[in-house]
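*Asks:*
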Amino acid sequence: MGKNKVVITGAPGTGKTSIVNGLEQRGFHCFHEIIRDMTSKAKQEGQSEHHISNPLVFVDDALQFNKDLLEGRTSHYRQSKHINAPISFFDRGIPDVLAYMDFFDQAYDDYFISHAENHRYDSVFIVPPWKEIYVSDNERLETFEEAENIHHSLLKIYTQFGYNPIEVPKDDVLNRIDFILETLKIT
1113 MGKNKVVITG
1123 APGTGKTSIV
1133 NGLEQRGFHC
1143 FHEIIRDMTS
1153 KAKQEGQSEH
1163 HISNPLVFVD
1173 DALQFNKDLL
1183 EGRTSHYRQS
1193 KHINAPISFF
1203 DRGIPDVLAY
1213 MDFFDQAYDD
1223 YFISHAENHR
1233 YDSVFIVPPW
1243 KEIYVSDNER
1253 LETFEEAENI
1263 HHSLLKIYTQ
1273 FGYNPIEVPK
1283 DDVLNRIDFI
1293 LETLKIT
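The sequence shown begins at 1113 in the numbering used here and counts up by one.
(1) Is Asp1283 buried or exposed, if buried means 16 or more other CB atoms sit within 10 Å of its CB?
(2) Could you check the C-alpha separation between Ile1298 and Ile1199 for me, to the nearest Å?
(3) Report, in whole angstroms, the separation of the C-beta atoms of Lys1117 and Ser1192, which I expect to be a contact under 8 Å.
(4) Within the same chain, show all residues whose beta-carbon is closer than 7 Å to that of Glu1279, passing over the 5 residues directly before and after it, in chain order.
(5) When we look at the beta-carbon of Val1209 and count the other beta-carbons within 10 Å, is it buried (16 or more) or exposed?
(6) Just tell me which of Ala1228, Gly1134 and Glu1254 has its CA closest to the CA of Phe1216.
(7) State the Cα-Cα distance for the pair Ile1292 and Met1213, rounded to the nearest angstrom.
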């Protein structure tokens, strides 16, 4: 097996990050989500008088925020080529940026499209919304209904870019990790 790049994506609150953390605990190289730090920073720098689900309301330049996010994810992708490991897992991929831009009705140009087209992942796993485990917090701003809509945006974008996202079953974290590893034929 070459240096496989595997995305774990999904709407907020689906257990995605717990899966990535569990994969890392098993010794796999993982690139962690960068949006939480960016959202926290944007909220600290902006005016946040109300609980609002769109982190872009906290920034002066939404397009630049998304470009920074895109660059961060692209940097992770490039770094994975130099990691001494046969596989790297990503807590979200480059197409996630476009899916969220779609969800928030933001236009994106060829700059975003070319990044998604030119930085291909080998496999994409999508973690579905699961009301029983969904919790909002200071960085997870979306309601459960918004999470369901984001899930559909993610499926749409990944499919548009030629991926066939594999749905991770609703189960405990260990079984979800086992499902991913068995699907990838990693024992």
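Just so you know, even glycine gets a beta-carbon here, dropped at the ideal spot from N, CA and C.
*Replies:* Taking the definition as stated:
(1) It counts as exposed.
(2) Between Ile1298 and Ile1199, the C-alpha separation is close to 10 Å.
(3) Contact between Lys1117 and Ser1192 holds, since their C-beta atoms are separated by about 6 Å, short of 8 Å.
(4) Once the five neighbours on either side are set aside, the close Cβ partners of Glu1279 are Ile1238 and Pro1240.
(5) Buried, because 16 or more other Cβ atoms sit within 10 Å of the Cβ of Val1209.
(6) It is Glu1254.
(7) Spanning the two alpha carbons is a distance of roughly 27 Å.
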